[in-house]
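Q: The opening position of the sequence shown corresponds to residue 14 in this note's numbering, with each subsequent residue numbered one higher.
Yeah, the Cβ is synthetic: ideal placement off N, Cα and C, and Gly gets one too.
Since the model is a prediction, treat every value here as computed from it, not as a measurement.
Following this message is one structure expressed as structure tokens.
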Amino acid sequence: MLKLGIKTKLIILVLITAIPVSLFNFYLLYQDLKRDKSSLKQSALHQSQMISDEIDQAIFESWQHLSTFAEIPVIKSARWQECSKFLSSLKSRYPYYENIFVADLNGWVRCSAVPFKETVNINDRSYFKEVIEKKQYTIGSVTIGRIVGKPVAILAFPVMDHANNITAVIGASLSLINVNAMFSHISLSPNTVILLIDQKGRIVSSNKEPEEYVMKDISNANWFQEILRKKEGILTLLFMGEERLTAVTAPRMVEWNSVVGIPTDIIYAPLKSYLIKSIFWGIMVLGLTFFIAIFIGRYISRPLSTLSKEIKEVGKGDFHRLVKIKTGDEIEELASSFNEMVKKLDERKVENEKLQKQLFLSQKMEAIGTLTGGIAHDFNNMLNVILGYTQLVIDETKKNTAQRRYIQQIQKAGYSAAELVQQLLAFSRRQVIDPKIININEAIYNLVKMLHRIIGENIALKLSLSENVLPVMADPGQMVQVIMNLCVNARDAMPQEGELTIETSNTIIDESYCQVHPWAHPGSYALLSITDTGIGMDSETQARIFEPFFTTKELGKGTGLGLAIVYGIIKQHNGLINVYSQKGHGTTFKIYLPSASGKIEALKTPEIAEVKGGKETILLAEDNDMLREFAETVLKDIGYTVIAAKNGDEAIQIFSANSDKIQLTVLDVIMPVCNGREAYDRMRAVKPDLKVIFVTGYSIATHHTESIAKEKLPLLQKPFTKESLARKVREALDKDKP
Numbered sequence: 014m015l016k017l018g019i020k021t022k023l024i025i026l027v028l029i030t031a032i033p034v035s036l037f038n039f040y041l042l043y044q045d046l047k048r049d050k051s052s053l054k055q056s057a058l059h060q061s062q063m064i065s066d067e068i069d070q071a072i073f074e075s076w077q078h079l080s081t082f083a084e085i086p087v088i089k090s091a092r093w094q095e096c097s098k099f100l101s102s103l104k105s106r107y108p109y110y111e112n113i114f115v116a117d118l119n120g121w122v123r124c125s126a127v128p129f130k131e132t133v134n135i136n137d138r139s140y141f142k143e144v145i146e147k148k149q150y151t152i153g154s155v156t157i158g159r160i161v162g163k164p165v166a167i168l169a170f171p172v173m174d175h176a177n178n179i180t181a182v183i184g185a186s187l188s189l190i191n192v193n194a195m196f197s198h199i200s201l202s203p204n205t206v207i208l209l210i211d212q213k214g215r216i217v218s219s220n221k222e223p224e225e226y227v228m229k230d231i232s233n234a235n236w237f238q239e240i241l242r243k244k245e246g247i248l249t250l251l252f253m254g255e256e257r258l259t260a261v262t263a264p265r266m267v268e269w270n271s272v273v274g275i276p277t278d279i280i281y282a283p284l285k286s287y288l289i290k291s292i293f294w295g296i297m298v299l300g301l302t303f304f305i306a307i308f309i310g311r312y313i314s315r316p317l318s319t320l321s322k323e324i325k326e327v328g329k330g331d332f333h334r335l336v337k338i339k340t341g342d343e344i345e346e347l348a349s350s351f352n353e354m355v356k357k358l359d360e361r362k363v364e365n366e367k368l369q370k371q372l373f374l375s376q377k378m379e380a381i382g383t384l385t386g387g388i389a390h391d392f393n394n395m396l397n398v399i400l401g402y403t404q405l406v407i408d409e410t411k412k413n414t415a416q417r418r419y420i421q422q423i424q425k426a427g428y429s430a431a432e433l434v435q436q437l438l439a440f441s442r443r444q445v446i447d448p449k450i451i452n453i454n455e456a457i458y459n460l461v462k463m464l465h466r467i468i469g470e471n472i473a474l475k476l477s478l479s480e481n482v483l484p485v486m487a488d489p490g491q492m493v494q495v496i497m498n499l500c501v502n503a504r505d506a507m508p509q510e511g512e513l514t515i516e517t518s519n520t521i522i523d524e525s526y527c528q529v530h531p532w533a534h535p536g537s538y539a540l541l542s543i544t545d546t547g548i549g550m551d552s553e554t555q556a557r558i559f560e561p562f563f564t565t566k567e568l569g570k571g572t573g574l575g576l577a578i579v580y581g582i583i584k585q586h587n588g589l590i591n592v593y594s595q596k597g598h599g600t601t602f603k604i605y606l607p608s609a610s611g612k613i614e615a616l617k618t619p620e621i622a623e624v625k626g627g628k629e630t631i632l633l634a635e636d637n638d639m640l641r642e643f644a645e646t647v648l649k650d651i652g653y654t655v656i657a658a659k660n661g662d663e664a665i666q667i668f669s670a671n672s673d674k675i676q677l678t679v680l681d682v683i684m685p686v687c688n689g690r691e692a693y694d695r696m697r698a699v700k701p702d703l704k705v706i707f708v709t710g711y712s713i714a715t716h717h718t719e720s721i722a723k724e725k726l727p728l729l730q731k732p733f734t735k736e737s738l739a740r741k742v743r744e745a746l747d748k749d750k751p
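Put into structure tokens, the structure is as follows:
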């Protein structure tokens, strides 16, 4: 056996210890680099998207401005001298416009916020031709304004007369030099470049030397060609003298590219600095260790043994262990350096855990939508068990006894809870629209209890519903969401006390109304009005209330999506929504829904019928043990032979062994291992005439049951009673019988 001296052993020990620790340290550095680079990528992409959103918002606001300006009498009536003065006053209110002007149908500029001496004609401009041709809002190419002589993007809108004929074109010159002011609130890394580039390869905006770069043609640059190929995402490009981590997004309303370029030096600079320091201190520690090994090796074997042991524990991931050595020499310094390194590693571990928690929080927010449906599903399962077994107890209890009355009170509370779950499901926006011919009054009456709970006791609820209100074709759940959102909005406008009035009536929209409101269609409408006596709104707020994410509430008390969702739902139903409000005098929302012909589908009340059983064999699959036991008990009590399974996979195995005996399968839609729909498809491949009933705790019109509803397969909603289960089973078995 080769004998080694303490010095050699110490050197070998140092190498054995230092190499894995160094590798581990470099591994952590590598992970830090990956994390920082990923974070910068996401930050750059987020900043680029914010810029795109700002551009979309500016374009949208310009549309609002121009569509409003186009209706102003001085412009509509072509009073050009007054028009120029008026536009000049407008421009002072909107400094990001270099100019606002109006041109006649021949392209001659008749009035302008910026004075001009010579006549100006724009009939050769593409935006002018497009507005004349399409009679709609148009975004022009980046150009040098003929009046202002500066780089601008022209936004144009048609001026229409009362006969819906175009009489002029109003335009606004969006200043490209001042576009950067829109992004001043965005926090950027040092030397970060923000560019807006149009589809022709011209720079629309630059936060770096805008006088030099704005309007510059880069269409032939290799890095721009890469952007065109990528369109959106993350690239590493060399431009403006530096290699940059580049995020690219595209606004929705204009054919531009939003580019955020972060110098790659920013990513690697901390790593280089830390690497140099790590190498320096590593060399210092190794030199000190070798010195100790040469001169005082025989005095340090025991402390080194202790140090080696602690290092091994750290190598296992225990960063809380510290070396306690008091020798008064370099070994103690080495131990101290090691402890400092372990502390830094522990700090990095804590930082990493914090980042993981942040990632988890982000993932949790993404799962909220799925969680809502899952909670409703689980509540329906529990309510089904409660209501089912209370009914069984009632059936076994003598009439006119205290016990029976107690159980009936529990059952009554259970039905109220089930009703509340269904209303909460309806309150959430559905993924699939299920329109029916309904009476809007009935939908309001069904919401009265919930509305009282939501608005509170300090607000009086008043109903004024027309008895002969016209039927409408609408999704009941969507209408519930509209009414709830508007009532919640009204409640928030009356923090102390007030009165909330809901009215229905009939009205007719004629051609003259449609001329003023081009999006309307003539015909008969049901009118739903919701009025509050709250704080009201000024005209500026009214102009923006349907914009997504616009809210006047305090931070954390509103998302700004409620009224935007209401607007979208009403438009989806081919309806109209108008708002009337005055500061300090309350608000009224009027919703116009087109009338529909046909039979009104009223809400069905639970049927009370004799339970009818049979002798058939039924395969029952339900993953909730208590609910499965209840359904099995009900079906067996009325004569059926029941074979129960805990999930779809077990149901398939049972069916394979008993396919000749089983006449009907009752399957929960959502089950572990194999869901109900998949299990039924596999069984039907063996026995095509197999009958089925699907059971679900989700809303009928969700993606979980969409394919089932399309095929018109029997579907039983949770919570179900023993009567509804027995009736559904008998209907399924008797279907198609001669």
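Assuming residue 394 and residue 640 are in contact, meaning their beta carbons sit under 8 Å apart, how far apart are those beta carbons, in whole angstroms?
A: The residue you call residue 394 lines up with position 381 of the sequence shown. The residue you call residue 640 lines up with position 627 of the sequence shown. Rounded, the Cβ-Cβ distance is 5 Å, consistent with contact.
Q: Compute the Euclidean distance between the alpha carbons of residue 700 and residue 691, then round it to the nearest angstrom.
A: Here residue 700 corresponds to residue number 687 of the sequence shown, with the count starting at 1. Here residue 691 corresponds to residue number 678 of the sequence shown, with the count starting at 1. One C-alpha to the other measures close to 14 Å.
Q: Mind checking whether residue 472 and residue 510 have CB atoms under 8 Å apart?
A: Translated into positions along the sequence shown, residue 472 becomes position 459. Translated into positions along the sequence shown, residue 510 becomes position 497. Their beta carbons are under 8 Å apart, which means residue 472 touches residue 510 by this criterion.
Q: Do you know how far the Cα of residue 723 is from the Cα of residue 645?
A: The residue given as residue 645 occupies position 632 in the sequence shown. The residue given as residue 723 occupies position 710 in the sequence shown. The alpha-carbon atoms of residue 645 and residue 723 are separated by roughly 28 Å.
Q: Closest by CA to residue 728, which one among 682, 660, 476 and 403?
A: As a working mapping, residue 728 is identified with position 715 in the sequence shown. Comparing Cα positions, the closest option is 682.
Q: CA-CA distance, residue 520 and residue 661?
A: Taking the first residue of the sequence shown as 1, we reach residue 520 at position 507. Taking the first residue of the sequence shown as 1, we reach residue 661 at position 648. Straight-line Cα distance between these residues: approximately 53 Å.
Q: Hey, quick one: how far does the alpha helix (DSSP H) through residue 703 stretch, first residue to last?
A: The count along the sequence shown starts at 1 and reaches residue 703 at position 690. Where residue 703 is concerned, there is no enclosing alpha helix (DSSP H), given that its DSSP letter is neither H nor E.
Q: So what's residue 112 in DSSP terms, helix, strand or just coil?
A: Residue 112 sits at position 99 when you count from the first residue of the sequence shown. Looking at residue 112 - three-state DSSP - the assignment turns out to be strand.
Q: If I measure Cβ to Cβ from residue 748 and keep anything under 6 Å in the same chain, skipping five residues before and after, which residues do I get?
A: Within the sequence shown, numbered from 1, the residue matching residue 748 stands at position 735. Once the five neighbours on either side are set aside, residue 748 has no close Cβ partner at all.
Q: Evaluate the contact criterion for the segment 204-218 versus the segment 119-132: three or more CB pairs, one atom per stretch, below 8 Å.
A: At 8 Å Cβ cutoff, the stretches do not touch.
Q: Is residue 653 helix, strand or coil when you go by DSSP?
A: If you number the sequence shown from 1, residue 653 lands on position 640. If DSSP states are grouped into helix, strand and coil, residue 653 belongs with coil.
Q: Can you list, in chain order, the stretches of the alpha helix (DSSP H) that have 4 or more residues and sit fully within the segment 637-703?
A: For the segment 637-703, whole alpha helix (DSSP H) runs of length 4 or above, ordered along the chain, are 638-650, 661-671 and 689-699.
Q: Mind checking which residues open and close the alpha helix (DSSP H) that includes residue 554?
A: Stepping through the sequence shown from its first residue, residue 554 is reached at position 541. Per DSSP, residue 554 belongs to the alpha helix (DSSP H) from 552-555.
Q: Does the segment 83-98 touch the segment 67-75, meaning 3 or more C-beta pairs lie closer than 8 Å?
A: They do not touch, by the three-pair rule.
Q: One question on the structure: do residue 183 and residue 99 come within less than 8 Å of each other, judged by their Cβ atoms?
A: Translated into positions along the sequence shown, residue 183 becomes position 170. Translated into positions along the sequence shown, residue 99 becomes position 86. No. Outside cutoff.
Q: Can you tell me whether DSSP reads residue 158 as helix, strand or coil?
A: As a working mapping, residue 158 is identified with position 145 in the sequence shown. Three-state result, residue 158: coil.
Q: Classify residue 293 as buried or exposed, calling it buried when 16 or more other Cβ atoms lie within 10 Å of its own Cβ.
A: Taking the sequence shown and counting its residues from 1, the one referred to as residue 293 is at position 280. Flag for residue 293 reads exposed.
Q: DSSP state of residue 379, grouped into three classes?
A: Working through the sequence shown from its first residue, we reach residue 379 at position 366. Its pLDDT being 40, under 50, residue 379 is placed unreliably in this model, and the value from its coordinates should be taken loosely. It is helical.
Q: Using only the alpha-carbon positions, how far apart do residue 550 and residue 603 sit?
A: Position 537 of the sequence shown, counted from the first residue, corresponds to residue 550. Position 590 of the sequence shown, counted from the first residue, corresponds to residue 603. Roughly 15 Å between the two C-alpha positions.
Q: Does the distance from the C-beta atom of residue 115 to that of residue 88 stay below 8 Å?
A: Counting from 1 along the sequence shown, the entry for residue 115 is found at position 102. Counting from 1 along the sequence shown, the entry for residue 88 is found at position 75. In contact: residue 115 and residue 88 (Cβ atoms closer than 8 Å).
Q: Do you know how far the Cα of residue 63 is from the Cα of residue 54?
A: The residue labelled residue 54 in the question sits at position 41 within the sequence shown. The residue labelled residue 63 in the question sits at position 50 within the sequence shown. Rounded to the nearest angstrom, the two C-alpha atoms are 14 Å apart.
Q: Going by the DSSP bridge assignment, what does residue 276 pair with across the sheet?
A: What you label residue 276 is simply residue 263 of the sequence shown in a count that begins at 1. Paired residue(s): 257.
Q: Strictly by DSSP, which residues pair up with residue 538?
A: Counting from one through the sequence shown, the residue named residue 538 turns up at place 525. Paired residues: 520 and 607.
Q: Inspect the beta-carbon positions of residue 564 and residue 541 and report whether they are closer than 8 Å.
A: The residue given as residue 564 occupies position 551 in the sequence shown. The residue given as residue 541 occupies position 528 in the sequence shown. Not closer than 8 Å, so no.
Q: Opposite residue 173 in the DSSP bridges: which residues?
A: The sequence position of residue 173 within the sequence shown is 160, counting from 1. DSSP output for residue 173 lists 179 as bridge partner(s).
Q: Below 8 Å between beta carbons: does that hold for residue 185 and residue 168?
A: By 1-based counting over the sequence shown, the position of residue 185 is 172. By 1-based counting over the sequence shown, the position of residue 168 is 155. Yes, Cβ-Cβ distance for residue 185 and residue 168 is below 8 Å.
Q: So which of 221, 141, 213 and 632 has the shortest CA-CA distance to residue 240?
A: Within the sequence shown, residue 240 is the residue found at index 227, counting from 1. Per the Cα distances, 213.
Q: Which of the three DSSP states is assigned to residue 384 in this structure?
A: Within the sequence shown, numbered from 1, the residue matching residue 384 stands at position 371. Legend: pLDDT at residue 384 = 46, less than 50; position of this residue unreliable, value from coordinates given subsequently. Helix.
Q: Return the bridge partner residues of residue 269 from the DSSP annotation.
A: Taking the sequence shown and counting its residues from 1, one reaches residue 269 at position 256. In the DSSP output, where bridge partners are listed per residue, residue 269 has 211.
Q: So the beta strand (DSSP E) residue 475 belongs to, where does it begin and stop?
A: Mapped onto the sequence shown, residue 475 falls at position 462. Element bounds for residue 475: 472-478.
Q: Using 8 Å as the threshold, is the C-beta distance between residue 211 and residue 269 below it?
A: Here residue 211 refers to the residue found at position 198 when the sequence shown is read from its first residue. Here residue 269 refers to the residue found at position 256 when the sequence shown is read from its first residue. Yes, Cβ-Cβ distance for residue 211 and residue 269 is below 8 Å.
Q: Measuring alpha carbon to alpha carbon, tell me which residue in 732, 630 and 642 is nearest residue 705.
A: Residue mapping note: residue 705 aligns to position 692 of the sequence shown, counting from 1. Selected option, being the one with the closest Cα: 630.
Q: In angstroms, rounded to a whole number, what distance separates the CA positions of residue 138 and residue 105?
A: For the purposes of this step, residue 138 is taken as residue 125 along the sequence shown, with counting starting at 1. For the purposes of this step, residue 105 is taken as residue 92 along the sequence shown, with counting starting at 1. If you take the alpha carbons of residue 138 and residue 105, they lie about 26 Å apart.
Q: Pop quiz: residue 223 and residue 190 are said to be a contact at Cβ under 8 Å. What is the actual Cβ separation, rounded to whole angstroms?
A: Here the question's residue 223 lines up with position 210 in the sequence shown. Here the question's residue 190 lines up with position 177 in the sequence shown. The Cβ separation is near 6 Å, so the contact holds.
Q: Given this structure, state the Cα-to-Cα distance separating residue 684 from residue 695, to the nearest angstrom.
A: In the sequence shown, residue 684 corresponds to position 671, counting from 1. In the sequence shown, residue 695 corresponds to position 682, counting from 1. Their Cα atoms are separated by approximately 15 Å.
Q: Relative to the C-alpha of residue 430, which candidate in 499, 462 and 408 has its C-alpha closest?
A: As a working mapping, residue 430 is identified with position 417 in the sequence shown. The shortest Cα separation from residue 430 among 499, 462 and 408 belongs to 462.
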